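Everything on this sheet refers to the single structure shown next.
Have a look at this one:
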């Protein structure tokens, strides 16, 4: 089993959906990634920053799941990153109501000494230069570097994004972002162009339509589990990435065949995440439930046509 | 092997896409369904109507593939149904430029005598009462009745659609139409409501995002093959339905497990249909190509997670 370094936000979210609304609750890409990866009992550490207003109980939720939080800096006189969003009726579009960077504005990630030899690094959605500084702190090139990003960095830090993309193995990105990054409508063509930018594996997330994994001429497709209702999509993409990274860190096998399984685990965990507000569902998730849902995914996708 | 009755249009299409445009070419739901089903060497008959302007060579294309065309009425002094459409750059939306019903306006389908005992009936997209009259002509209730429809009939003949839906086993419908028919955004909930309207199997087509098969609490998902480019989507839905119906007629097995295979065959054949204008690709399709693409579908979707 490999060590896993996760960099991302640990934050407050306030969410409003057609089903209700929350006060400030535990959020942030680092939290969702860490909770998903913790399903695999890997040694993982979150590198992040919070303010003095961040409850110890939230940090305890992470360390209770054996996540190393020594890399989460606490700026006592600062305030924690805060995001608030409103989802529309179709749950596929949202308005950002509040973004307060607070302590994130000056965030300088520091990877704990005992994690600088980690074989797997998951770079959650942050400024590309912040993601890069994590790679610069590793003792050697990790076996697998996974990067998540978003359109905001394409609009505001494209050259920096290009630079960090040259040093990663896997990128996770949504369909619209893949199109924006390449100028190509076809996701097949977009994925090929992204591979030319650096990462040899490209995961394109399509929300309710699932996710595609590309590598050379190989493609794998994992659907999203069809759900009666999506209660709150917040964190689903990060949970997907955390499941993907956690499974690969556990199995230490980065073959395309095994990455297929990682995508299925990512989709499986994401399907739980959307069932309750924020990280609530992930905090109560049992091994038996995950097992059962993996079986659902098999039933959903596996068929028996004899080719003869 | 069962006999298969297909009712649908045999028509002229004129298509314009970002890649080019055609004059009047062979089109119509009956043609696409028939050509797809002919891949399975089943005994099939198309029930339709054309005008005196319809070229014998187009009819020959169908009968050359062992499709019984004795149920295609030729109205010598009438003109053939004509549709013309313009696809936009994303190929997901189109404008209808021309719809000339012509001989279709007075179409009274007549099922050939020797097909009135067919076990499988595929009702292509037509007025629900026209679809119903085909069922009324069968000697007994067929083993499997599959119906395709569209939003136009929901807007203009909803009560008739409800009536025919009570007499069918499988409905194929796209995602927006499923939402319109039920008023439900969640496709899981929509599929359940549609089952309450009659058909015990519901196939929801999601275009480039694949297709879902629902029955009771079971769900199966077949993705669309990710393609470098979609050249012309015309007929893809009908080709899907034809592959689905043809496979079930050939195998005479209407279990959920076998319907999964039928969905995969439908998706496979549809993935060819969009590669060229109209039915062009379907007319030149070899068994080896289908075989090879089924293997692509396996690679795309099958994975090996041991659940222990």
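Chains as they are written, first to last, in the working numbering: chain A, 821 to 1128; chain B, 821 to 1128.
Ideal Cβ placement from N, Cα and C applies to all residues, glycine included.
Because the structure is a prediction, the values reported are computed rather than measured.
- DSSP links residue 905 (chain A) through a beta bridge to A:835, A:916.
- By alpha-carbon distance to residue 974 (chain B), the top candidate from B:963, B:1002, B:1026, B:990 is B:1002.
- Residues of the segment 987-1012 of chain A with a C-beta atom less than 8 Å from some C-beta of chain B are 1005, 1006, 1007, 1008, 1009, listed in chain order.
- Secondary structure of residue 1105 (chain A) (DSSP, three-state): coil.
- Ranked by Cα distance from residue 821 (chain B), the options B:865, B:1020, B:1068 are led by B:1068.
- At a cut-off of 7 Å between C-beta atoms, residue 1023 (chain A) does not count as an interface residue with respect to chain B.
- Nearest in C-alpha terms to residue 861 (chain A), of all of A:894, A:890, A:823, A:936, is A:823.
- Annotation for residue 893 (chain A): 869 place their beta carbon closer than 6 Å to its own, counting only its chain and skipping 5 residues before and after.
- At least one CB of chain A lies nearer than 7 Å to the CB of residue 1123 (chain B).
- For residue 970 (chain A), the three-state secondary structure derived from DSSP is coil.
- Contact with chain A is absent for residue 959 (chain B), since none of that chain's Cβ atoms lies less than 7 Å from the residue's Cβ.
- Judged by their CB atoms, residue 931 (chain A) and residue 963 (chain A) are not nearer to each other than the 7 Å cut-off.
- Ranked by Cα distance from residue 846 (chain A), the first of A:866, A:875, A:826 is A:875.
- Residues of the segment 1051-1082 of chain B with a C-beta less than 8 Å from any C-beta of chain A: 1077, 1080, 1081, listed in chain order.
- Beyond the five residues adjoining it in sequence on each side, residue 913 (chain B) comes within less than 8 Å, by CB distance, of 907 in the same chain, given in chain order.
- For residue 964 (chain B), no CB of chain A lies under 7 Å from its own CB, so it is not counted at the interface with that chain.
- Linking residue 1078 (chain B) to residue 1124 (chain A) through their CA atoms gives a straight-line distance of about 8 Å.
- The segment 1055-1070 of chain A makes contact with the segment 1081-1101 of chain A; the number of CB pairs closer than 8 Å reaches 3 or more.
- With contacts defined by Cβ atoms closer than 7 Å, residue 1041 (chain B) and residue 1043 (chain A) form a contacting pair.
- With a threshold of 7 Å between beta carbons, residue 907 (chain A) makes no contact with chain B.
- Spanning the alpha carbons of residue 917 (chain A) and residue 903 (chain B) requires a straight line of approximately 47 Å.
- Between residue 965 (chain B) and residue 941 (chain B), the CB-CB gap stays under 7 Å.
- Contact annotation: residue 1023 (chain B) and residue 1033 (chain B) have beta-carbon atoms nearer than 7 Å.
- Only exposed fits residue 978 (chain A), as fewer than 16 other CB atoms lie within 10 angstroms of its CB.
- The Cβ of residue 1029 (chain A) sits closer than 7 Å to at least one Cβ of chain B.
- Sorting B:1106, B:1071, B:1099 by C-alpha distance to the C-alpha of residue 1126 (chain A) places B:1071 at the top.
- The C-beta separation of residue 1099 (chain A) from residue 851 (chain A) comes to about 6 Å, placing the pair in contact by the 8 Å criterion.
- Per the DSSP secondary-structure output, residue 1034 (chain A) pairs in a beta bridge with A:1022, A:1039.
- Between residue 1050 (chain A) and residue 951 (chain A) a beta carbon distance of about 29 Å is seen, past the 8 Å cut, so the two are scored as non-contacting.
- Within its own chain, the residues whose Cβ lies closer than 6 Å to the Cβ of residue 915 (chain A), once the five positions on either side in sequence are excluded, are 906, listed in chain order.
- Within the DSSP bridge table, the entry for residue 994 (chain B) names B:1025 as partners.
- By the C-beta density criterion, residue 933 (chain B) is exposed, having fewer than 16 other C-beta atoms within 10 angstroms.
- The C-beta of residue 1043 (chain A) comes closer than 7 Å to at least one C-beta of chain B.
- Taking a beta-carbon distance threshold of 7 Å, residue 1127 (chain B) counts as an interface residue toward chain A.
- As computed with DSSP, residue 881 (chain B) is found in no beta bridge at all.
- Counting other Cβ atoms within 10 Å of its Cβ, residue 838 (chain A) stays below 16 and is therefore classed as exposed.
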